[in-house]
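Undergrad: In order, the protein sequences belong to chains A and B.
Taking the numbering used here, the leading residue of the first sequence gets 6, the next gets one more, and so forth.
Taking the numbering used here, the leading residue of the second sequence gets 105, the next gets one more, and so forth.
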Amino acid sequence: DIQMTQSPSSLSASVGDRVTITCRASQGIRNDLGWYQQKPGKAPKRLIYAASSLQSGVPSRFSGSGSGTEFTLTISSLQPEDFATYYCLQHYSYPYTFGQGTKLEIK
Amino acid sequence: EVQLVESGGGLGKPGGSLRLSCAASGFTFSSYSMNWVRQAPGKGLEWVSSISSSSSYIYYADSVKGRFTISRDNPKNSLYLQMNSLRAEDTAVYYCARDSWLDSWGQGTLVTVSS
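#1: Between the C-alpha atoms of A:A56 and B:G120, what's the straight-line distance to the nearest angstrom?
#2: Report the residue ranges of all beta strand (DSSP E) runs contained in full by the segment 131 to 218 of chain B; include only those spanning at least 3 residues, in chain order.
#3: Would B:V152 and B:F131 be called neighbours here (beta carbons separated by less than 9 Å)?
#4: Comparing the CB of B:Y198 with every heavy atom of the ligand ATP, is any distance shorter than 8 Å?
#5: What number of angstroms, rounded off, separates the C-alpha of B:P145 from the C-alpha of B:A192?
#6: Could you pull out every unbroken beta strand (DSSP E) segment of at least 3 residues lying fully inside the segment 9 to 80 of chain A, listed in chain order?
#7: When you compare the segment 67 to 78 of chain A with the segment 108 to 120 of chain B, are there three or more beta-carbon pairs, one atom per stretch, that lie closer than 8 Å?
#8: 9 Å is my cut-off, CB to CB: does B:D194 come that close to chain A?
#9: Tell me whether the beta-carbon of B:S167 lies closer than 9 Å to the beta-carbon of B:E150.
#10: Please list the residues of the segment 72 to 105 of chain A that have a C-beta atom closer than 9 Å to any C-beta atom in chain B, keeping them in chain order.
#11: Quick one: list the residues of chain A neighbouring B:S182, beta-carbon separation under 8 Å, in chain order.
Shown next as C-alpha cells:
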C-alpha cells in the first residue's frame, strides 16, 4: 500500500499569511494526487487535481505542485474562509490513501 | 450540476447489517466509476471501496473486505454499499464520491454501530 505522509498536522496562521502543506508518498504516484478542503460538518471539496490543476471555481490563491513522491499545497494569502482541514489523496493505485490531514487554525 | 445524495445510515447493532444508497443526478452515471469514503468521528478520511462504470472492477479496503459489498444500478443512477457483520469501528459518516479522481462528493450519511 502507498503511504501518504502529510505535514504539518496542524498550523496556526493569520489572515494574509502564505502557507504551505506537504504530502510525501511512499512510492512514486506520478501526478495522481488531489487536495481537498473540509469544513466542520461538511463534505470534502476538491481544490486541486492532477497535483497542480486548479478545480473550476476555486480561488487562484490556492496552488499545487509536485510529481512523483513530493507534493505541496500553497495558499498565497489566507482568507478567513480558508480556515479548515486539508487532505491529500493519492489515486494512483488501490487502496487509495489519504494524508492524515492538516488543521489550519487562526492565530 | 452534479448531485450525490446518500441515504440509509442510522443505528446498527454489532454483527448486524445496513445498506447505504447514493442517488446520482446531473451527469451520465453509467460513464463514471464511483467510490465510498468514510470518516469516523473526529478522524481523517478513509477510502472504503470503488466500483468501475460497468461493475467489472471492484476494490475494497482491507478493513471492510469480506464484510461490505459495493454495487451499482446504472439504469437507476444509484450506488450501494451493503454493510454486513458491522463492528463498532465502522461508526462513521459515509460519503459517496464520483470518478477515480473523487471530484464530487455527497453530503454523507452517518452510520452508528452500537448495542
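Built from N, CA and C at the ideal position, the CB exists for glycine as well.
Since this is a predicted model, take the numbers as computed values, not measurements.
TA: In terms of the structure at hand:
#1: Going from the Cα of A:A56 to the Cα of B:G120 covers about 40 Å.
#2: Every beta strand (DSSP E) stretch that sits fully inside the segment 131 to 218 of chain B and reaches 3 residues is listed by chain position as 138 to 143, 149 to 155, 162 to 164, 172 to 177, 182 to 187, 196 to 202, 213 to 217.
#3: No, they are not a contact pair.
#4: Looking at this structure, you won't find the ligand ATP or any other ligand, since it has none at all.
#5: So the alpha carbons of these two residues sit roughly 12 Å apart.
#6: Listed in chain order, they are 9 to 12, 15 to 18, 24 to 30, 38 to 43, 50 to 54, 67 to 72, 75 to 80.
#7: Verdict: no, contact absent.
#8: Chain A has no Cβ within less than 9 Å of the Cβ of B:D194.
#9: With contacts defined as CB atoms closer than 9 Å, B:S167 and B:E150 qualify as a contacting pair.
#10: Going along the segment 72 to 105 of chain A in chain order, one finds T90, Y92, L94, H96, Y99, P100, Y101, T102, F103, G104, Q105 with a Cβ nearer than 9 Å to chain B.
#11: Within chain A, no residue comes near B:S182; the closest Cβ sits about 18 Å away, beyond 8 Å.
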